[in-house]
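Engineer:
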Amino acid sequence: MTTAVTDHYPTRNDVAIGIEPRRDPVVWTPDGNSGPLGPGDVSRFDADGFLAVNTLLDPDVVADLRNELDNLRADAALAADERSICERDSGQIRSIFEVHRISPAFAALVADPRLVGPARQLLGSDVYVHQSRVNFKPGFNGREFYWHSDFETWHAEDGMPGPRAVSVSVALTENLDSNGSLMIMPGSHRWFVSCPGQTPPDHYRSSLKQQEIGTPDDGSLTWLADQHGIRQITGPAGSAVFFDSNCMHGSSSNITPYPRSNVFIVYNSVQNTLVEPFGADAPRPTFIASRTFDPV
Ligand code: 6CS
Ligand code: FE
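Heads up: the sequence shown runs through residues 0 to 295, numbered per numbering that gives the first Met the number 0.
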């Protein structure tokens, strides 16, 4: 008999819409736990919910990953694979999921201590890869990612119990303030915003192109933006941002000629492995939410 897991973060399914204080810590590091981040960076992540790093990867590593990006985009078989998500209007590739299982270069990146080291330190445990993806956001046609908390979706649709996960977004092209770079509300990770609506069957087939269910109401977004502001995360290829699973974030469409292509790796604590979805009838496919929990 499986023990019922208490839902500390109710959302969707006619739950009263609201903003509740986060029940869990942000930084799970026991005092003095060592790791690559200094105390200043750890406290900045705790306060803001994210930490931007201007040069995480060396130019030669970035060049290799850019080449890999071109190889993946040119792979006709992969374009027909369910792990490739196309833009809703142009048909250009929007995202490729599970890149760490498709490409040796991205598999190596996942295990790079510059990425997994801070993740283990912040989450205070071993970690496994919950999700990896490249978001291409091509020039002229890269469409937006509307405001959302990743954790709200991962909790409702993947069965992630608590917000004990951290994403690392690595810029593979220059992230400008004009080409749809990431916007985060600093400090928003300390609130859980329950979202309206019911999760449709196979929701991921639409949500990964344009998310509607699992996005907060205007009133909640306005309250959060008034309280916390909006920070645009820009930086050169090779820069990165570590961000808490529950940050309110989004990015605008890209109408410039300059692609904003980033790889995102989501590290989840091995103490926070997926159970049954809290707000959907069936779990999403494993290329979106891994159900093997082998530590990196
Ligand atoms: O549903 C998800 O898992 C994906 N959707 C968004 C908009 N961000 C997180 C993740 O890539
Ligand atoms: Fe997201």
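Note that the Cβ used here is the ideal one computed from N, Cα and C, for glycine as well.
Remember, predicted model here, so these are calculated numbers, not experimental data.
Is the stretch 2 to 18 touching the stretch 175 to 184, taking contact as three or more C-beta pairs under 8 Å?
Structural biologist: no
Engineer: Where residue 21 and residue 163 are concerned, what is the direct C-alpha to C-alpha distance, given to the nearest angstrom?
Structural biologist: 11 Å
Engineer: Which residues count as close to ligand 2 when the rule is a CB under 7 Å from any of its heavy atoms, in chain order?
Structural biologist: 144, 147, 149, 248
Engineer: May I ask which residues mark the beginning and end of the alpha helix (DSSP H) holding residue 110?
Structural biologist: Unbroken run through residue 110: none, as it is neither H nor E.
Engineer: Could you check whether residue 239 and residue 55 sit closer than 8 Å to each other, using their CB atoms as the reference points?
Structural biologist: Yes, the Cβ-Cβ distance between residue 55 and residue 239 is below 8 Å.
Engineer: Distance, Cα to Cα, residue 258 vs residue 283?
Structural biologist: 29 Å
Engineer: Assuming residue 147 is part of the beta strand (DSSP E), what are its boundary residues?
Structural biologist: 144 to 148
Engineer: Inspect the beta-carbon positions of residue 158 and residue 274 and report whether they are closer than 8 Å.
Structural biologist: yes
Engineer: Between the C-alpha atoms of residue 146 and residue 224, what's the straight-line distance to the nearest angstrom?
Structural biologist: C-alpha separation (whole angstroms): 11 Å.
Engineer: Going by alpha carbons, who is nearest to residue 137 out of 85, 166, 247, 45?
Structural biologist: Comparing alpha-carbon positions, the option among 85, 166, 247, 45 lying closest to residue 137 turns out to be 85.
Engineer: Among 44, 53, 27, whose alpha-carbon lies nearest the alpha-carbon of residue 170?
Structural biologist: 53
Engineer: Apply the 10 Å Cβ neighbour rule to residue 296 and answer buried if 16 or more other Cβ atoms are within range, or exposed otherwise.
Structural biologist: Residue 296 is absent from the model: the chain starts at 0 and stops at 295.
Engineer: What do you reckon, is the C-beta of residue 130 under 7 Å from a heavy atom of ligand 1?
Structural biologist: Residue 130 Cβ: within cutoff of ligand 1.
Engineer: For the stretch 75 to 83 against the stretch 117 to 125, are there 3 or more C-beta pairs whose distance is under 8 Å?
Structural biologist: no
Engineer: Hey, could you find the ends of the alpha helix (DSSP H) residue 60 is sitting in?
Structural biologist: 58 to 73
Engineer: Relative to the C-alpha of residue 132, which residue among 276, 101, 245, 234 is closest?
Structural biologist: 101
Engineer: Is the closest heavy atom of ligand 1 to the C-beta of residue 241 under 7 Å?
Structural biologist: Annotation for residue 241 indicates a beta carbon at 7 Å or more from all heavy atoms of ligand 1.
Engineer: Under DSSP, the alpha helix (DSSP H) around residue 296 begins and ends at which residues?
Structural biologist: Examination of residue 296 is not possible in this model, given that the chain is present from 0 through 295 alone.
Engineer: Is residue 206 a contact residue of ligand 1, with contact defined as CB to any heavy atom under 7 Å?
Structural biologist: yes
Engineer: Hey, is the stretch 226 to 243 in contact with the stretch 104 to 111, meaning 3+ C-beta pairs nearer than 8 Å?
Structural biologist: no
Engineer: Answer yes or no: the CB of residue 91 versus the heavy atoms of ligand 1, is any distance below 7 Å?
Structural biologist: no
Engineer: Go through the stretch 246 to 272 residue by residue and report every complete run of the beta strand (DSSP E) that reaches 3 residues or more, in order.
Structural biologist: Counting only unbroken stretches of 3 or more residues, the beta strand (DSSP E) elements lying wholly within the stretch 246 to 272 are 247 to 250, 261 to 268, in sequence order.
Engineer: Look up residue 20 in the DSSP assignment and give the residues it is bridged to.
Structural biologist: Under DSSP, residue 20 forms a beta bridge with 190.
Engineer: Buried or exposed: where does residue 303 fall if 16 or more other Cβ atoms within 10 Å of its Cβ makes it buried?
Structural biologist: Residue 303 lies beyond the residue range present for the chain, which begins at 0 and ends at 295; the question has no answer from this structure.
Engineer: Using the DSSP secondary-structure output, state which residues sit across from residue 167 in a beta bridge.
Structural biologist: 241, 264
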